[in-house]
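Take a look at the structure below.
There are 2 protein chains.
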Amino acid sequence: MEQAVPQTFDRVLSSMCTRPHPVARAAAERFLATNPGDPETYRAVADLETEVVETLGELTGLDQPRGYVASGGTEANIQAVRAARNRASTDDPNVVAPSSVHFSFQKAAEVLGVDLRIAPVGSDRRADPEAMASLVDDDTALVVGVAGTTEYGRVDPIPELADLAAEADALCHVDAAWGGFALPFTDHEWHFGHAAVDTMTIDPHKMGQAVVPAGGLLARDAATMDALAVETPYLESTSQATLTGTRSGAGVASAAAALDELWPDGYRENYERAQANAEWVADALADRGFDVVDPVLPLVAVDLPDSLFAAVQDRDWRLARTARGELRLVCMPHVTRDTLSAFLRDLDACRDEI
Amino acid sequence: MEQAVPQTFDRVLSSMCTRPHPVARAAAERFLATNPGDPETYRAVADLETEVVETLGELTGLDQPRGYVASGGTEANIQAVRAARNRASTDDPNVVAPSSVHFSFQKAAEVLGVDLRIAPVGSDRRADPEAMASLVDDDTALVVGVAGTTEYGRVDPIPELADLAAEADALCHVDAAWGGFALPFTDHEWHFGHAAVDTMTIDPHKMGQAVVPAGGLLARDAATMDALAVETPYLESTSQATLTGTRSGAGVASAAAALDELWPDGYRENYERAQANAEWVADALADRGFDVVDPVLPLVAVDLPDSLFAAVQDRDWRLARTARGELRLVCMPHVTRDTLSAFLRDLDACRDEI
């Protein structure tokens with residue numbers, strides 16, 4: 001077989017993953033052959049997982065964090081819905097979420113057989129607590145908020161959503177899969193310390209610069225993890241709360257290494273640089289007359305004509321769109337000012353040609 | 001942070017994972033930063049995944065294989081149950097499986113809200129088609145057989161189970177997560193070419209010597225994958241049939257490299273060496289007067305007194321047990337004759353001490 005070569009990140013503007021930090025990559029290479037799903041056999045990686053959960057607790061205002069390193073945000077979101085379903089007293093549970101929620105909640109609802117009720121967002125593209133309240137009833141098991149939406153990087157009013165959940169005797173989940181490593185350096189109220197949040201998705205393999213797969217599920221209460229546990233015969237450990245069973249030791253070890261290296265100062269620098277880049281490219285696009293959605297977090301959405309989007313994409317940029325069709329520029333750590341300048345030059349050249 | 005060190009595999013007799021092949025490790029390192037869950041952004045790894053599925057089709061007698069590289073056997077088994085549930089016409093689906101089935105089916109049933117009906121196995125520790133038939137009814141969506149059971153390495157009578165499924169208008173799933181890379185070199189009837197099997201779990205990261213996580217889900221029909229698909233806004237690909245969304249590019253690339261390097265001759269050599277080792281240690285244990293379950297595949301179960309099990313385990317061997325308490329020796333590629341000899345020496349020494 002000819003040796004396949006992965007592309008570099010040089011022209012990737014579409015991904016919420018990024019070039020891993022060198023310490024994360026090195027740790028992943030050391031732990032490639034381990035399985036944290038079998039903690040008694042693979043003890044070193046099990047200890048690293050405990051460290052990761054502890055540090056994620058520091059990022060998110062949680063003193064005694066429970067949780068684990070998941071395959072990514074999708075697994076963590078499915079598990080949050082599953083825990084809420086299993087803890088609810090109803091036979092017909094529903095989940096109330098804003099329309100900005102990641103599509104993994106559609107998958108979770110389908111897999112788990114719960115009713116997903118979607119409320120429209122406000123004109124600020126954030127969850128509208130009143131619209132969500134109108135969908136909540138006695139069968140509501142979970143209220144979901146997003147801290148850093150996939151499409152526009154918006155932060156929902158988490159304290160109000162947590163209050164709504166508490167009034168309904170439902171759990172509150174925050175999806176900070178992408179935003180969780182930027183938000184500690186902002187004034188947003190988004191985490192366990194700010195509101196009665198029960199569970200959270202926060203992915204080290206996105207802004208945290210760990211290797212894929214290293215997602216994170218956090219829970220305030222042991223009861224949440226208990227609601228996910230199944231017995232494990234023929235493993236020397238006694239129960240397992242994950243969805244996938246076998247998991248990536250490389251991901252766990254890389255997350256531990258990245259957090260140890262970068263929290264908090266390295267992540268602050270990453271965030272500040274990314275946010276400055278996002279604001280710079282947003283201004284540059286607005287100056288060109290395009291309709292730009294301003295970056296609350298390091299993510300810029302911009303309305304381009306379809307023909308222009310296609311022409312730039314043909315110049316070998318990896319681009320993604322919102323459901324409305326806007327170009328999304330995700331300013332991850334690998335996206336430098338030089339990269340964005342090169343992108344703008346190609347955009348200008350394509351515009352001249354069309 | 002002090003650099004954590006994973007243990008080597010030298011004293012691991014409990015795991016169904018193994019030391020990855022060097023080509024698999026090298027490929028994993030090249031693809032650590034890729035996500036096959038986003039195939040338009042990460043195209044090279046998406047192509048490798050297609051290769052893996054094609055080659056797994058060769059191993060399993062399937063001309064036009066559908067499927068993907070999953071996080072492991074648990075995800076693949078959950079997905080097989082989910083596809084069967086979604087394709088069934090009943091509102092109250094059940095799954096019929098032998099008691100030897102992996103505990104991931106318990107997890108699948110809990111997650112997916114299906115009724116898992118467990119039939120006792122025969123005295124040969126294999127699925128008993130009559131006992132299973134008595135549990136099948138109009139609501140049966142799936143009949144499960146195991147080709148290489150976790151506890152005793154047994155191969156169920158797959159053609160009879162496939163017939164049972166066909167008669168009930170249910171799907172037939174074969175869990176060959178561990179056995180699938182050994183069985184091609186045996187006379188067992190276990191795969192798509194031998195019977196009307198619909199889906200299969202076969203994990204490159206077990207006997208296939210890929211890195212964790214690289215499990216495999218295969219399907220005969222496109223309809224099975226369609227039953228798993230959800231739409232994917234903001235990815236340039238249009239739908240996603242996996243459970244986890246984000247996935248390990250390292251696992252995919254390592255599976256491609258291992259299959260390219262080892263199929264079929266390398267895997268045949270691995271199997272023959274492992275089987276010979278299993279038979280050798282089984283004989284050695286029987287010679288010492290222990291009650292040994294003979295290895296149909298490279299896995300030996302042996303009844304040890306609890307005190308002896310504990311004493312050997314204290315000598316830093318990683319050991320696992322069956323639900324009945326027997327020691328399971330999984331003769332993976334990393335388990336050499338020297339390793340087994342060292343284990344027997346420690347066993348003898350502990351026996352003398354007790």
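Line order of the protein sequences matches chains A and B.
Sequential numbering of the first sequence, starting at 1, is according to UniProt numbering.
Sequential numbering of the second sequence, starting at 1, is according to UniProt numbering.
Glycine included, C-beta positions come from ideal geometry on N, C-alpha and C.
Fair warning: this is a prediction, and the values are worked out from it, not measured in the lab.
By the criterion of Cβ-Cβ separation under 7 angstroms, what are the contact partners of residue i in chain B?
i                      : result
residue 298 of chain A : Those do not exist, as residue 298 of chain A stays about 16 angstroms from chain B at its closest Cβ, beyond 7 angstroms.
residue 163 of chain A : Simply none; closest approach about 29 angstroms.
residue 176 of chain A : The contacting residues do not exist; residue 176 of chain A stays about 15 angstroms from chain B at best.
residue 82 of chain A  : 111
For residue i, which of the options has the nearest alpha-carbon?
i                      : options                       : result
residue 64 of chain A  : A:223, A:136 and A:268        : A:223
residue 199 of chain B : B:190, B:217, B:210 and B:205 : B:217
residue 151 of chain A : A:99, A:33 and A:169          : A:99
residue 266 of chain A : A:21, A:10, A:57 and A:56     : A:21
residue 297 of chain A : A:344, A:41 and A:181         : A:181
residue 101 of chain B : B:90, B:86, B:132 and B:93    : B:132
residue 8 of chain A   : A:316, A:312 and A:261        : A:316
residue 206 of chain A : B:195, B:190 and B:246        : B:246
residue 231 of chain B : A:227, A:90, A:108 and A:19   : A:108
residue 197 of chain A : A:305, A:57, A:134 and A:121  : A:57
residue 160 of chain A : A:89, A:345 and A:172         : A:172
residue 348 of chain B : B:290, B:73 and B:320         : B:290
residue 320 of chain A : A:333, A:301 and A:334        : A:301
residue 148 of chain B : B:331, B:51, B:350 and B:344  : B:331
residue 15 of chain B  : A:30, A:41, A:11 and A:6      : A:41
residue 156 of chain A : A:272, A:166, A:129 and A:167 : A:129
residue 242 of chain B : B:179, B:225, B:233 and B:256 : B:225
residue 10 of chain A  : A:341, A:334 and A:61         : A:334
Residues of chain A with CB closer than 9 angstroms to the CB of residue i, please, in chain order.
i                      : result
residue 232 of chain B : 103
residue 45 of chain B  : 4 and 6
residue 12 of chain B  : 41 and 42
residue 72 of chain B  : 35, 37, 244, 245, 246 and 247
Using the Cβ count rule (16 or more neighbours within 10 Å means buried), how would you classify residue i?
i                      : result
residue 307 of chain A : exposed
residue 104 of chain B : buried
residue 175 of chain B : buried
residue 254 of chain B : buried
residue 353 of chain B : exposed
residue 38 of chain A  : buried
residue 28 of chain B  : buried
residue 201 of chain B : buried
residue 288 of chain B : exposed
residue 71 of chain A  : buried
residue 251 of chain A : buried
residue 248 of chain A : buried
residue 325 of chain A : exposed
residue 18 of chain B  : buried
residue 76 of chain A  : buried
residue 337 of chain B : exposed
residue 357 of chain B : Any property of residue 357 of chain B remains undetermined from this structure, which presents chain B solely from 1 to 354.
residue 203 of chain A : buried
residue 187 of chain B : exposed
residue 167 of chain B : exposed
Under 8 angstroms Cβ-Cβ, which residues of chain B neighbour residue i?
i                      : result
residue 355 of chain A : This structure cannot speak to residue 355 of chain A, because chain A is shown only from 1 to 354.
residue 215 of chain A : 246
Which residues of chain A have a Cβ atom closer than 7 angstroms to the Cβ of residue i, listed in chain order?
i                     : result
residue 75 of chain B : 244
Run through chain B and tell me which residues come within less than 9 angstroms of residue i, C-beta to C-beta.
i                     : result
residue 28 of chain A : 28, 29, 32 and 250
residue 48 of chain A : 4
Closer than 8 angstroms by beta-carbon distance: list the chain A residues that pair up with residue i, in chain order.
i                      : result
residue 253 of chain B : 4 and 6
Any Cβ of chain C within less than 9 angstroms of the Cβ of residue i?
i                     : result
residue 95 of chain A : The structure shown contains no chain C; the protein chains it does contain are A and B.
- Message: I want to know whether the region 103-120 of chain B touches the region 75-82 of chain B - three or more CB-CB distances under 8 angstroms.
- Response: yes
- Chain-ordered residues of the region 15-26 of chain A with a beta carbon less than 7 angstroms from chain B: Close to chain B, meaning a Cβ-Cβ distance shorter than 7 angstroms, are the following residues of the region 15-26 of chain A: 15, 17, 19, 20 and 25.
- Message: Across the region 126-142 of chain B and the region 56-72 of chain B, are there enough close Cβ pairs to call them in contact, namely three or more that are closer than 8 angstroms?
- Response: no
- Below 7 angstroms between beta carbons is the criterion; list the residues of the region 89-113 of chain A that meet it against any residue of chain B, in chain order. 103, 104, 106, 107, 110, 111, 112 and 113
- Can you list, in chain order, the residues of the region 318-339 of chain A whose Cβ is nearer than 8 angstroms to any Cβ on chain B? Listed in sequence order: 318, 319, 320, 321, 322, 323 and 328.
- Near-chain B residues of the region 269-291 of chain A (beta-carbon distance less than 8 angstroms), N- to C-terminal order: none
- Scan the region 138-150 of chain B for residues whose Cβ lies nearer than 9 angstroms to a Cβ of chain A and list them as they occur along the chain. 150
- Message: Would the region 268-278 of chain B count as touching the region 190-198 of chain B if we require 3 or more Cβ pairs under 8 angstroms?
- Response: no
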